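Below is one structure, written out as structure tokens; the observations come after it.
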Amino acid sequence: METHHFLLILSLVPSFLAVPGSAFGSSGPIAAAFGGGGVRDGFFCAIDASGRQEVICWGQNYSSPSSSPSSASARSMIPSMAALSGGDGFLCGVLSNTSQAFCFSSLVSPSGTDLVPVAYRTNAYSQIAAGKSHVCAVRGAYYSDHDSGIVDCWEISRTSNNSLVAKDGYPFHDQSVSNLVFNKVVSGDGFSCGGIREGGTICWGPNASKLGFNATSENFEILAAGKTSLCGILNSSREVQCWDEDESFADFPVGVRFVSLTAGARHFCGIREDNHEVECWGRSSNFSSVPKGSGFKAIASSDFTSCGIREDDLVLDCWLVDGSSTLDYDPPLELCSPGLCRAGPCNEGEFAFNASILNEPDLTSLCVRKDLVVCSPCASDCSEGFFLSSPCNENSDRVCTPCSLCQNSSCSAVCKLLHSSIEKHWHHMQRLMVLIAGSCASALLLITIGCCIVPRMISSPKEDRAGNQFKSCIGKPELDAEVPAQISPSPSVTPCPGAAQVFRLSELKDATNGFKEFNELGRGSYGFVYKAVLADGRQVAVKRANAATIIHTNTREFEMELEILCSIRHCNIVNLLGYSTEMGERLLVYEYMPHGTLHDHLHGGLSPLNWSLRFKIAMQAAKGLEYLHEEVNPPIVHRDVKSSNILLDSDWVARVADFGLVTSNEEKNLDTKTDIYRFGVVLLEILTGRKSYDRDYDPPEIVEWAVPVIREGKSAAIIDRYVAVPRNVEPLLKLADMAELSLREDPNQRPTMSELANWLEHIVRDEFLL
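Mind the numbering: the sequence shown is residues 1 to 770 in the numbering used here, read in order.
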């Protein structure tokens with residue numbers, strides 16, 4: 001398993017409320033064991049994607065002879081499985097090599113088969129379903145294309161000392177079903193239900209009558225059971241139907257097609273057919289933590305928690321399904337099987353999962369038997385902000401591409417609809433703002449003109465000489481600027497651009513279409529930034545100071561800052577290309593960064609960044625800040641280091657923007673340490689994918705949430721799971737350590753920017769082949 005399993009020690013300590021486990025399900029590649037014996041939330045297990053079908057387990061009530069559920073010794077205690085199903089404090093599975101049943105509790109031991117009665121231990125089973133205190137299994141080898149058979153059921157009950165023991169099938173031995181041949185089975189609290197090979201569905205057991213379900217000729221593709229509830233996906237329409245003794249689940253989705261179901265203590269969740277997103281319903285009052293915009297291959301639920309296998313990278317992800325608890329643990333960073341191994345070929349609407357996409361040279365199959373396949377349901381649509389670039393075929397699922405990469409008519413209709421909706425809302429807000437501000441706009445304009453132009457009309461000869469001397473060191477005087485400046489392309493690597501140029505106001509006005517709103521790239525306290533196209537076709541960014549900035553900064557201060565900006569040239573800085581101060585304006589012309597900001601990619605819905613690019617961006621931003629701190633004289637302290645001030649050029653090279661504050665040598669050390677602290681926050685955003693402040697989380701501050709976890713040695717728990725995990729996660733753990741050092745309360749304990757840049761450069765060179 002060394003090829004892609006990550007041997008990380010995760011201390012899993014959740015703080016769920018004590019509610020008895022009471023919901024279960026059918027077999028799948030991931031399953032949950034409920035609390036059991038009056039304890040709190042149980043544990044999860046999943047089948048890995050190594051091709052050996054090994055079992056990974058994690059959770060509050062999971063323990064093993066090893067310190068880590070990912071370790072080899074822990075794995076050796078659980079044999080490889082073809083399918084898993086969770087009960088009350090235990091899990092059952094079908095062994096991958098023999099198809100025999102195997103059941104175990106949270107304390108893994110070689111005696112796991114003691115939870116299977118002797119009479120059933122040598123039988124082969126194609127499916128297994130664990131309920132609250134019983135198990136039912138369909139006879140037949142899972143690797144056979146004839147996966148139908150009679151059902152065996154047995155009890156798993158608790159003794160006075162809370163240990164688990166297996167008993168024969170009474171009271172689940174029902175003469176009416178003993179001779180039927182089943183192709184699927186599911187178990188709940190005191191009942192089981194199954195699909196009959198000849199057609200129809202029935203339920204049996206002492207609590208079956210509480211469901212309000214009557215034997216039907218309907219066939220269900222998937223069944224999932226709760227304490228006194230049952231939901232199923234109809235074969236004919238793939239829509240959901242539910243039954244419950246008190247109609248608590250009567251609000252199930254109508255008209256939505258599903259491909260998978262799971263049941264928890266007070267809820268059901270399903271994977272939608274269209275985009276493979278998760279949708280939940282039931283007694284829980286809060287499903288706000290259910291992932292949106294992410295597709296899943298398989299899901300399982302326990303008391304308060306659901307976990308799933310993401311479709312993009314097969315990484316495990318967990319979330320709350322009840323707002324009354326806090327999710328305090330994450331599963332290990334493992335790649336898991338997207339489905340169950342079975343005899344092929346796949347059915348219509350499915351595709352055979354190709355193991356080669358996992359980039360493991362020695363991995364040719366996800367199954368221990370090479371003649372087996374994992375068939376996954378196709379998705380037909382994409383999440384909001386993405387367009388369908390390739391449909392599902394027999395060997396791969398549909399491919400969704402971010403709308404930011406849409407470049408032809410085939411995707412413009414979908415993406416334009418999204419864009420126009422956002423744009424319409426934005427224009428509506430703009431009209432409201434104009435109405436509110438209209439009464440004072442004229443007055444503000446007059447004040448601005450008076451404050452900006454009058455001082456220039458009455459300036460003294462001394463001031464004129466100072467201005468001309470300043471202009472001569474950064475470019476030709478404005479009075480000589482009759483010809484539009486020619487700006488060289490802004491390369492993403494050294495050498496960096498030359499001296500800044502002086503622009504006419506008229507040419508920058510033309511380049512921005514009169515500073516129109518649709519050319520706006522962003523806005524801040526300084527003013528507005530516009531995308532501009534110069535007369536020679538080159539793209540630049542024009543930063544225009546607002547009235548407040550002009551009023552509160554005198555001309556000399558602006559000229560001093562401009563002189564410094566013009567002297568700065570570095571390939572990891574957004575370099576100043578030119579300026580204009582005609583008519584009292586303060587316009588700065590910068591290199592245009594076509595790929596936007598780091599913030600937009602981490603949090604704003606633009607195309608995601610892989611780990612290699614994230615590390616390179618961190619290194620390049622560090623080098624840009626190192627240049628400002630160490631090589632510029634006098635040193636420049638940014639004082640506003642954040643992910644939205646790290647921009648990406650046409651070659652995806654990181655450039656630091658929005659600096660310009662000079663510090664004296666006496667203040668240098670303390671102030672640069674402030675930059676380092678804020679850069680540490682950026683490193684946490686890169687590592688976790690979470691915003692620096694997000695009120696949807698508790699605590700909302702990323703530093704308060706992440707730093708204690710890092711200091712406890714659990715850095716793996718905060719790594720962004722929405723990016724494919726690299727084979728070697730050691731660089732990510734080093735990045736967490738760098739962030740923690742940068743965020744030390746004592747500034748003297750923080751590293752210098754040179755040290756950070758050097759460390760990051762070593763990681764990029766050694767791990768990502770710079």
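All C-beta atoms, glycine included, are put in the ideal place defined by N, C-alpha and C.
A quick note: this is a predicted structure, and the numbers were derived from the prediction, not measured.
- In the three-state reduction of the DSSP assignment, GLU559 falls in the helix class.
- As summarised for the region 98 to 138, the continuous beta strand (DSSP E) elements at least 3 residues long and confined to that stretch are 101 to 105, 125 to 130, given in chain order.
- With the rule of 3 Cβ pairs closer than 8 Å, the region 310 to 324 does not count as touching the region 727 to 737.
- Comparing alpha carbon positions, the residue from VAL165, HIS595, ASP152 closest to HIS173 is ASP152.
- ARG238 is the residue among SER209, PHE304, ARG238 whose C-alpha sits nearest the C-alpha of LEU223.
- ALA215 is classed as exposed because its beta carbon has fewer than 16 other beta carbons within 10 Å across all chains shown.
- Residue GLY578 holds the alpha-carbon nearest to the alpha-carbon of LEU534 among GLY578, PHE44, GLY131.
- Fewer than three beta-carbon pairs drawn from the region 558 to 569 and the region 516 to 530 are found closer than 8 Å, and the two stretches are therefore not classed as touching.
- Shown here, CYS411 sits in a helix according to DSSP, grouped into three states.
- Listed in chain order, the non-local C-beta contacts of ARG369 below 6 Å within the same chain comprise TYR143, local neighbours out to five positions each way being set aside.
- Taking 8 Å as the cut-off, the Cβ atoms of VAL181 and ILE150 count as close.
- Counting only runs of at least 4 residues, the region 542 to 612 fully encloses the following alpha helix (DSSP H) elements, listed from N- to C-terminal order: 547 to 552, 555 to 567, 598 to 603.
- For PRO402, the uninterrupted beta strand (DSSP E) run begins and ends at 399 to 402, by DSSP.
- No Cβ-Cβ contact shorter than 8 Å links LYS623 with ALA739.
- Under a 10 Å Cβ-count criterion, GLY537 is classified as exposed, with fewer than 16 other Cβ atoms of the shown protein chains found around its own Cβ.
- Excluding residues up to 5 positions away in sequence, LEU732 lie with their Cβ nearer than 6 Å to the Cβ of ILE719 in the same chain.
- CA-to-CA, the gap between CYS269 and SER306 works out to about 9 Å.
- Under the three-pair Cβ rule at 8 Å, the region 370 to 386 counts as touching the region 342 to 353.
- For PHE518, the three-state secondary structure derived from DSSP is helix.
- Your pair GLN620 and ALA654 checks out as a contact, with CB atoms roughly 4 Å apart and the cut at 8 Å.
- Of the residues assessed, SER217 falls on the exposed side of the cut-off, its CB having fewer than 16 other CB atoms within 10 angstroms.
- It is roughly 8 Å from the alpha-carbon of LEU95 to the alpha-carbon of ALA83.
- When the five nearest sequence neighbours on each side are left out, the beta carbons in the same chain lying within less than 6 Å of the beta carbon of CYS92 are those of SER85, CYS103, ILE128, ALA130, VAL135, in order along the chain.
- According to DSSP, residue pairing for HIS267 in a beta bridge involves GLY282.
- With the rule of 3 Cβ pairs closer than 8 Å, the region 302 to 319 counts as touching the region 43 to 56.
- When DSSP states are grouped into helix, strand and coil, VAL373 belongs to the strand group.
- ALA298 is not a Cβ neighbour of ILE78, given a cutoff of 8 Å.
- Here SER294 carries a coil assignment [DSSP, helix/strand/coil].
- For the pair SER380 and ASP696, the Cα-to-Cα distance works out to about 30 Å.
- Exposed is the label assigned to VAL118, since fewer than 16 other Cβ atoms lie within 10 Å of its Cβ.
- Under the three-state reduction of DSSP, GLN749 is assigned to helix.
- In the DSSP assignment, LEU733 falls within the unbroken alpha helix (DSSP H) covering 730 to 742.
- Here ARG544 is near GLY527, since their CB atoms are less than 8 Å apart.
- Around the CB of LYS210, 16 or more other CB atoms lie within 10 Å, so the residue is classed as buried.
- By the CB criterion at 8 Å, GLY195 and ASN161 fall outside the cutoff.
- Counting every other CB atom within 10 Å of its CB across the protein chains shown gives SER50 a total of 16 or more, marking it as buried.
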